[in-house]
Amino acid sequence: MLFFAVGFMIWALSNSLESRQGFEQTVAIMTHPLAKFITWGILSLIAYHLLAGIKHLIMDAGYLETLETGPVAAKVTLALTAVVIVLLGVWVW
Amino acid sequence: MVRSITNLSRSGLADWMVQRVSAVLLALYTLFLLGIFIANPGLGYEQWQHLFSIFWVKVFTLITLLSLVGHIWVGMWTVVTDYIHNAWVRFIVLFAIAVTSFVYLITGITAVWGV
């Protein structure tokens, strides 16, 4: 999903930098309610991927890999992601 | 030892390193952009265009684009080789991912290059 989301992001970057019209067109599209919802979705995908990635980096360092700490880290990651998704929602709307 | 030829680099360990290094770069760039958006609500074209005209921002963006392609390839390769067991289908999917990633890279570079 993120792979396709990246496509939208690169399109938006290219469009918005191309010219003033491109920028305004991108902004106009992104203020559309459906586009806002998709943007929120993409930001949530990134948030989860980022937080889970950080957990993985920690695990690479040798922590959070026991039977006790592993599940805790997973739950913390999910809880953090939920909080961030709500914040992103507020920010997008 | 199974000798894979479709992964990004010669060894699984090198892929592992590419994945981690690119991840850190991508995270930094994400936080950088987030900071820009939060610090500049109602960002206009001038500010946006000016941002990408700054040299080190261009360098940061270009290295992030390269990291993105590396991160995508290692990540998607891992997923695809885990789940798609038919060699032909797997090859076609990997090829499609490679071409799409390349289009992402070129589109990104041309977007930033001309600013």
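Heads up: the protein sequence lines correspond to chains A and B, in order.
Counting in this note's numbering, the first sequence runs from -4 upward without gaps.
Counting in this note's numbering, the second sequence runs from 464 upward without gaps.
Beta carbons: idealized from backbone N, C-alpha and C, even for Gly.
The Cβ atoms of tryptophan 511/B and serine 11/A lie closer than 8 Å to each other.
Here methionine 539/B is buried: its Cβ has 16 or more other Cβ atoms, across all protein chains shown, within 10 Å. In the structure shown, glycine 577/B falls within a coil segment according to DSSP collapsed to helix, strand and coil. Contact between the segment 45 to 53 of chain A and the segment 484 to 496 of chain B is present: 3 or more CB-CB pairs across the two stretches fall below 8 Å. For the 8 Å CB-CB criterion, threonine 527/B and phenylalanine 515/B do not form a contact. For isoleucine 560/B, the three-state secondary structure derived from DSSP is helix. Burial is judged here by how many other beta carbons sit within 10 angstroms of a residue's own beta carbon; threonine 64/A has fewer than 16 and is exposed. Chain-ordered, the chain A residues with CB closer than 9 Å to the CB of threonine 493/B read Ile41, Leu45. Sequence-distant partners of glycine 571/B (beyond 5 residues in either direction) whose C-beta falls short of 6 Å from its own C-beta, in its chain, are Leu528. Annotation: glutamate 63/A is outside any alpha helix (DSSP H) and is labelled neither H nor E by DSSP.
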